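Peer 1: Position one of the first sequence corresponds to residue 6 (our numbering), numbered consecutively onward. Glycine included, each C-beta is placed from N, C-alpha and C at the ideal position. The model shown is predicted, which means the values in this text are computed figures rather than measured ones. Can you read through this structure? Questions will come right after.
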Amino acid sequence: MKAYSTLKGVLDILQPEILLWNKIEEITRAVLQNFGYTELRIPIIESTELFIRGIGETSDIVSKEMYTFNDRAGRSISLRPEGTASLVRSYIEHGLNNTPQPWKYYYIGPMFRYERPQKGRFRQFYQIGAEFLGNAAPVADAEIISMIDTIFKALHLPDVTVEVNTTGCRLCRPLYRDALVGFFTSEASKTNMLCDDCKVRLVKNPLRVLDCKVPTCIELRKGAPLITEYVCDECREHDEAFKGFLNEIDIKYVENPEIVRGLDYYTKTAFEFTTEHLGAQKAVAAGGRYDNLVADFGGPKTPAVGFAIGVERLAELLRQRLDVYVCAPLIFFAVLGKEAQRMAFKLSTRYRQAGVYTEIGNALHTLKNQLKRADKMAARFVIIIGEEEINKNAVIFKDLVNHTQEEVPLEGVLGCIKGKQAAYNKQKINFS
RNA sequence: GUGAGCAUAGCUCAAUUGGUUAGAGCACUGGACUGUGGCUCCAGGGGCUGGGGGUUCAAGUCCCCUUGUUCACCCCA
């Protein structure tokens, strides 16, 4: 029979990787909570229309990366490629604008994009994202940056750079866009010298020409108009105030006019947290403001800021750096014979219900073998039960670390364990 | 969608210029006088050399195709 394997770009996350993920989630959730965010579980499938309307029909995500299919009733369904559209949908669908504002929620889960996998990029990948709705003020943008910064500090993530940009709004961005197109089309020779990709970009998304890595394009765009020269007063003031708040809390940022979000809904602030340790996919978190999306979805006009962290990328950066432990059993029962097994099963059930991690050896194996397993599992204590012990109504209580053992009467076993929970062995996980 | 590199045991890797039954370490399982772990020693299981085709007396090794994978482009978390 043919061996099955995961689909391209889709991974099983197993030990020890998953322990690192658990730790990341645990720490991140705690920080999100401190900033007033609660989780919202959004579905993995939505109507395709939701993403087309939200992310934009011409975006790469929608035009070539969505997992789209028809359900049995012929409705077009898509696996979510991102979380924001769903959260905004949920906000409107449940009338959550009628709950106390502002509205702060986060989500954790897999996203799906049909792309060629490479370092830090997968077809099923996990995001931890949060959305802050109902606050148009620059301080909201800064609070989001501060929150990501706090998460990364809590995780001891090293060497991250905060890059920020303003992408303008619906009033000023078109002006800039036109200016840019005008710049590149002012002379036919200039247009022709652009690379083929850029010729397409010039029509589809001119801002991306600024991001091209072809040398001739880099040369050609010298002297091109800058977004900062075209943003309206409101956007400029917003941007300045936003950066002022970052200065206020000593967050070093780099202004990068090349940050052009690939999702159409962004306005004003756009940002990325980048690192040099991730290969080409260097953004570990990214986001921005989207003041029109809620209204575009038919909700009340509601300003919003949000972001998403790439969990795989974060985990990649934290391998070796975050101490991750797996709990070993406090008690391992080594049992000889059926009666011993019965006793161990009863005892261990009691201990487990009291919150103690116990394991029971295989009664068919020799004592030596069971001790070997106990050791391999890094168990702290072994309770040996054999015929002799059953006859004496006692057990042997063995300390695997101090190499000591004593015979204790059955009634005394619980007392032996009491106060020893702190003695749990913790096995530090070694990522290699 | 485009380009390049790589596919040998669960993992990391060997295998003269093509040349016998494809090896090692780690891991796993068992054993070293029958009820005592770690160390050591011994043994064992496990590979159609990713799949298919071709060249050859002979292919893990050379050629072609295919699939997977890695990295990069595009784009993005």
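Taking the straight line between their C-alpha atoms, what separation do you get for residue 43 and residue 113?
Peer 2: Approximately 11 Å between the Cα atoms of the pair.
Peer 1: Let me make sure I understand the geometry here. Which of 63, 180, 391, 138 has the alpha-carbon closest to that of residue 308?
Peer 2: Of the listed residues, the one whose Cα sits closest to residue 308 is 138.
Peer 1: Below 8 Å, how does it come out for the stretch 278-298 and the stretch 168-176: are there three or more Cβ pairs, yes or no?
Peer 2: Segments in contact, yes.
Peer 1: Return the CA-CA distance between residue 311 and residue 89, expressed in angstroms with no decimal places.
Peer 2: If you take the alpha carbons of residue 311 and residue 89, they lie about 8 Å apart.
Peer 1: Residue 256 to residue 151, Cα distance in whole Å?
Peer 2: Roughly 8 Å between the two C-alpha positions.
Peer 1: Smallest Cα separation from residue 271: which of 83, 21, 146?
Peer 2: Comparing Cα positions, the closest option is 146.
Peer 1: Can you give the beta carbon distance from residue 172 to residue 248, rounded, assuming they're within the 8 Å contact cut?
Peer 2: The Cβ separation is near 15 Å, so there is no contact.
Peer 1: Where do the N-terminal and C-terminal ends of the alpha helix (DSSP H) with residue 353 fall, by residue?
Peer 2: That run of the alpha helix (DSSP H) goes 343-358.
Peer 1: Rounding to the nearest angstrom, what Cα-Cα distance links residue 10 and residue 23 in this structure?
Peer 2: Distance between the alpha carbons of residue 10 and residue 23 is about 19 Å.
Peer 1: So for residue 410, helix, strand or coil by DSSP?
Peer 2: In this structure, residue 410 counts as strand in the three-state DSSP scheme.
Peer 1: For residue 105, does the count of other Cβ atoms within 10 angstroms reach 16, so buried, or fall short, so exposed?
Peer 2: Burial call: exposed.
Peer 1: So the alpha helix (DSSP H) residue 182 belongs to, where does it begin and stop?
Peer 2: Element bounds for residue 182: 178-190.
Peer 1: Is there contact here, the stretch 380-395 with the stretch 330-350, by at least three beta-carbon pairs under 8 Å?
Peer 2: Yes, the stretch 380-395 touches the stretch 330-350.
Peer 1: Between the stretch 283-290 and the stretch 187-199, do at least 3 Cβ pairs fall closer than 8 Å?
Peer 2: Segments in contact, no.
Peer 1: Just list the residues that DSSP pairs residue 81 with in beta bridges.
Peer 2: The partner list for residue 81 (beta bridge, DSSP) reads 75.
Peer 1: Using a 10 Å radius around the Cβ and a threshold of 16 neighbouring Cβ atoms, would you call residue 243 buried or exposed?
Peer 2: It is buried - the Cβ of residue 243 has at least 16 other Cβ atoms within 10 Å.
Peer 1: To test your reading of the DSSP string, which unbroken alpha helix (DSSP H) runs of 4 or more residues are found completely within the stretch 109-158?
Peer 2: If we require 4 residues or more, the stretch 109-158 turns out to have no alpha helix (DSSP H) run fully inside it.
Peer 1: Taking DSSP as the reference, what is the three-state secondary structure of residue 170?
Peer 2: Here residue 170 sits in strand by DSSP.
Peer 1: Out of 380, 393, 304, which has the shortest C-alpha to C-alpha gap to residue 408?
Peer 2: Among 380, 393, 304, the Cα nearest to that of residue 408 belongs to 380.
Peer 1: What are the partner residues of residue 277, as DSSP defines its beta bridges?
Peer 2: Paired residue(s): 168, 291.
Peer 1: Indicate whether the contact test is met: 3 or more Cβ pairs, each with one atom in the stretch 321-331 and one in the stretch 36-54, closer than 8 Å.
Peer 2: No, the stretch 321-331 is not in contact with the stretch 36-54.
Peer 1: Starting from the Cα of residue 317, find the closest Cα among 53, 122, 110 and give me that residue.
Peer 2: Checked all of 53, 122, 110; the closest Cα to residue 317 is 122.
Peer 1: Buried or exposed: where does residue 358 fall if 16 or more other Cβ atoms within 10 Å of its Cβ makes it buried?
Peer 2: Exposed is the call here.
Peer 1: Quick one: what's got a C-beta closer than 7 Å to residue 345's C-beta in the same chain, skipping five residues either side?
Peer 2: Result list for residue 345: 368, 390, 391, 395, in chain order.
Peer 1: Would you mind working out which of 246, 181, 51 sits nearest residue 144, comparing C-alpha positions?
Peer 2: Comparing Cα positions, the closest option is 246.
Peer 1: Cβ of residue 125 within 9 Å of Cβ of residue 292?
Peer 2: No, the Cβ-Cβ distance between residue 125 and residue 292 is not below 9 Å.
Peer 1: Cutting at 7 Å between CB atoms, please list the residues of its own chain near residue 47, excluding the five before and the five after it.
Peer 2: So the qualifying residues of the chain are 88, 91, 92, 95, 112.
Peer 1: Rounded to the nearest angstrom, how far is the Cβ of residue 83 from that of residue 51, given a contact under 8 Å?
Peer 2: With a Cβ gap of about 6 Å, residue 83 and residue 51 count as contacting.
Peer 1: Any heavy atom of the ligand MN inside 8 Å of the beta-carbon of residue 85?
Peer 2: Among the components modelled here there is no ligand, and therefore nothing to report on the ligand MN.
Peer 1: Can you have a look at residue 80 and say buried or exposed, based on whether 16 or more other CB atoms are within 10 angstroms of its CB?
Peer 2: Under this definition residue 80 is an exposed residue.
Peer 1: Thinking C-beta only, is residue 15 closer than 9 Å to residue 118?
Peer 2: No.
Peer 1: Flag this pair as yes or no: are the beta carbons of residue 134 and residue 313 separated by less than 9 Å?
Peer 2: Contact flag set, yes.
Peer 1: If you compare alpha carbons, which of 155, 304, 59, 399 is closest to residue 349?
Peer 2: Closest by alpha carbon: 399.
Peer 1: Looking only at DSSP bridge pairs, what is residue 309 linked to?
Peer 2: Answer by DSSP bridge pairing, in chain order: 138.
Peer 1: Could you check if residue 175 is buried or exposed, using at least 16 other CB atoms within 10 Å of its CB as the buried criterion?
Peer 2: It is exposed - the Cβ of residue 175 has fewer than 16 other Cβ atoms within 10 Å.
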